[in-house]
Amino acid sequence: MNEYEIVIGLEVHAELSTKTKIFCSCPTSFGAEPNTHTCPICMAMPGTLPVLNEKVVEYAVKAGLATNCEISRNSKNDRKNYFYPDLPKSYQISQFDKPLCEHGYVEIETEQGKKKIRILRIHIEEDAGKLNHDEFGGGSLVDLNRAGVPLIEIVSEPDLRGVQEVDKYLKKLKSILEYIEVSDCKMQEGSLRADVNVSVRKKGETAFGTRTEMKNMNSFRSITRAIEYEANRQIDVLEDGGEIEQETLRWDEVSGKTFSMRDKEDAQDYRYFPDPDLVAIKLSDEYIEQIQNNLPELPESRKRRYLEEYHLTEKDANIISSSKYLADLFEEASKISNNPKAVNNWIISDISRILNETEMDPVEIPFDSKQLGELVILIDKGTISSSIAKKVLVELFENPRSPEEIIKEKGWIQISDEGAIKEVVLKVLSENPQSIVDYKAGKDRALGFLVGQAMKQTKGQANPQMLNKMFIEEMQKS
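Counted from 1, the sequence shown has number 1694 at position 352 by the numbering used here; the numbering is strictly sequential.
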């Protein structure tokens, strides 16, 4: 493995967040009953004519500008011919030799420093439908709700050299698309998916090896696992004196292996030709400049601002700015609570931990910035302790509502009454005389132990600052 270099190129498909489909007025919302978001146009009935959705062009140009692409003033739509049961026309309207955006790049951080991953092109196209397979009945049903949903396909050059670079590139691309609000990038709903092209070559060689392609992958974890497996498989074939076949593969998540589906098509196999029903797309300099001027703040800019304005660490600024949803949550909750440091700590620690444990995307966080800001205020006021706040956060994930409502409902308001606290302190000291001896002998951990015992007895509701102070005072008396 160490003698070989992995070469990877990605074709990322992002569903655009337009209200209607690319060539008709059917809605694009996810999760409707099968075949309820359809019409004669997206079902490819004879005699129907497509009309290009202008918003699709705007969103594609936005994505091109945000990824440093050159925007074509003159492009067109083409027919890409292939048969598949969920493709009603038996061709897909896409773009071939004149895409909307070309020659861009996305910059990622690697162990060797910054690296530009070149983007060959970004083009618009329509999505296909979806087959629902009935494993018991032995048949398949076609749902055409997705047919005609607008996509942009972002095609990278084969610049990626390993799974870490792929992971960073995909996450950076997802972040950019979220920031410019052209796609919700919900991978679990198929809004963002990638075709992964993998080849291997001996280190030092300049010619590319034969590539294989894994289609429609919509999980970062699956993509990295599939690349590692496929690269090792290709190396084993070459080491045994075999040859790699150019083919399309299917990744099986359960077995952790790739399986052959069909020979890999080349461009000539699709018999592209200009779509005769659609006019050319001509963009003025003024149109492009207007979109450029209205681009929102992008991840890199936000990261720099967080370093300067909020004095976050490089690591924290990276994590928060990597997601528009986390960044918005951070900024708005900081304004509400007037405590950006505390908000940052909650996002970086407990919120990120829960997201990782539940494999939840930041966009799926069920509570809002107001509720997070209120949680921080309640801690700052001494209404609840940090340990109780952690319980409130779990409640916010499970059943979001006002933090104040949660603590009243659960009886979690912090005990700050001196008499009640003193009673607990004296009880804990009487039960743990050795800790008093240890503390006086200079063992600071004894104090932490005593406070922990008091918190346990009060179910985390005692004011920890008052406990610390009172334990010290009582032990100095004895």
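Don't be surprised by glycine CBs; every beta carbon is placed ideally from N, CA and C.
The model shown is predicted, which means the values in this text are computed figures rather than measured ones.
Asked: Beta-carbon within less than 8 Å of Glu1773's beta-carbon, same chain only, minus the 5 sequence neighbours each way: which residues are those?; Found: Gln1795
Asked: On the three-state DSSP scale, how would you describe Asp1722?; Found: helix
Asked: Output yes or no for whether 8 Å exceeds the beta carbon distance between Gly1480 and Cys1368.; Found: no
Asked: Pairing CB atoms from the stretch 1394-1409 with CB atoms from the stretch 1520-1527, are three or more of them under 8 Å?; Found: yes
Asked: Report the option in Gln1713, Arg1503, Ser1432 and Asp1670 whose CA atom is closest to the CA atom of Arg1613.; Found: Ser1432
Asked: Does the Cβ of Val1542 have 16 or more other Cβ atoms within 10 Å, making it buried, or fewer, making it exposed?; Found: buried
Asked: Out of Lys1457, Pro1742, Lys1666 and Ala1731, which has the shortest C-alpha to C-alpha gap to Trp1688?; Found: Ala1731
Asked: Hey, Asn1487 and His1379 are a contact pair by Cβ (cut 8 Å); roughly how many whole angstroms apart?; Found: 4 Å
Asked: Report the three-state DSSP secondary structure of Met1529 (helix, strand or coil).; Found: helix
Asked: Give the straight-line distance between the Cα atoms of Glu1716 and Gly1790, rounded to the nearest whole angstrom.; Found: 28 Å
Asked: Run through the stretch 1555-1625 for me and flag every whole alpha helix (DSSP H) of 4 or more residues, listed as ranges in chain order.; Found: 1562-1581
Asked: Report yes if the C-beta distance between Thr1409 and Ile1518 is below 8 Å; otherwise report no.; Found: yes
Asked: Count the other C-beta atoms from every protein chain shown that fall within 10 angstroms of the C-beta of Phe1601, then say buried if there are 16 or more, exposed otherwise.; Found: exposed
Asked: Name the two residues that bound the continuous beta strand (DSSP E) containing Lys1458.; Found: Gly1455 to Glu1468
Asked: Just tell me which of Gly1724, Ser1498, Glu1453 and Phe1438 has its CA closest to the CA of Tyr1447.; Found: Ser1498
Asked: Considering just the uninterrupted stretch of the beta strand (DSSP E) at Pro1441, what are its terminal residues?; Found: Counting along the chain, Pro1441 falls outside any beta strand (DSSP E), and DSSP gives it neither H nor E.
Asked: Looking only at its chain, what residues have a beta carbon closer than 6 Å to the beta carbon of Asp1469, apart from the 5 residues adjacent to it on each side?; Found: Arg1488, Val1491 and Leu1493
Asked: Going by DSSP in three states, Arg1488 sits in which element: helix, strand or coil?; Found: coil
Asked: Quick check on the DSSP output: the beta strand (DSSP E) that includes Gln1434 runs from which residue to which?; Found: Tyr1433 to Ser1436
Asked: First and last residue of the alpha helix (DSSP H) that includes Tyr1667?; Found: Lys1666 to Ser1679
Asked: When you compare the stretch 1555-1570 with the stretch 1504-1518, are there three or more beta-carbon pairs, one atom per stretch, that lie closer than 8 Å?; Found: yes
Asked: Helix, strand or coil for Tyr1426 per DSSP?; Found: coil
Asked: Secondary structure at Gly1481, three-state DSSP: helix, strand or coil?; Found: strand
Asked: Which one of Lys1457, Val1349, Ala1788 and Gly1761 has the shortest CA to CA distance from Asn1805?; Found: Gly1761
Asked: Given a cut-off of 8 Å, decide if Leu1735 and Ile1726 are closer than it, judged by their beta-carbon atoms.; Found: no
Asked: By how many angstroms is the C-alpha of Leu1625 removed from the C-alpha of Ser1694?; Found: 42 Å
Asked: Please confirm whether Lys1513 and Asp1537 have their CB atoms less than 8 Å apart.; Found: no
Asked: Would you report the Cα separation of Arg1787 and Val1793, rounded to the nearest angstrom?; Found: 10 Å
Asked: In whole angstroms, what separates the C-alpha of Pro1742 from that of Ser1729?; Found: 18 Å
Asked: Per DSSP, which one or two residues make a beta bridge with Ala1549?; Found: The partner list for Ala1549 (beta bridge, DSSP) is empty, contrary to what the question assumes.
Asked: Going by DSSP, what residue range makes up the beta strand (DSSP E) through Glu1357?; Found: Tyr1346 to Glu1357
Asked: Quick one, which of Gln1434, Phe1372, Ile1350 and Phe1425 has its alpha-carbon nearest Cys1384's?; Found: Gln1434
Asked: Could you round the C-beta distance between Gly1471 and Pro1430 to whole angstroms and report it? I think they count as a contact, below 8 Å.; Found: 7 Å
Asked: Kindly indicate which residue of Glu1816, Leu1738 and Cys1527 has the alpha-carbon position closest to the one of Val1770.; Found: Glu1816
Asked: For Lys1545, I'd like the list of residues in its chain whose CB is within less than 7 Å of its CB, leaving aside the five on either flank, ordered along the chain.; Found: Glu1345, Tyr1346 and Glu1347
Asked: Hey, quick one: how far does the beta strand (DSSP E) through Ser1541 stretch, first residue to last?; Found: Leu1534 to Lys1544
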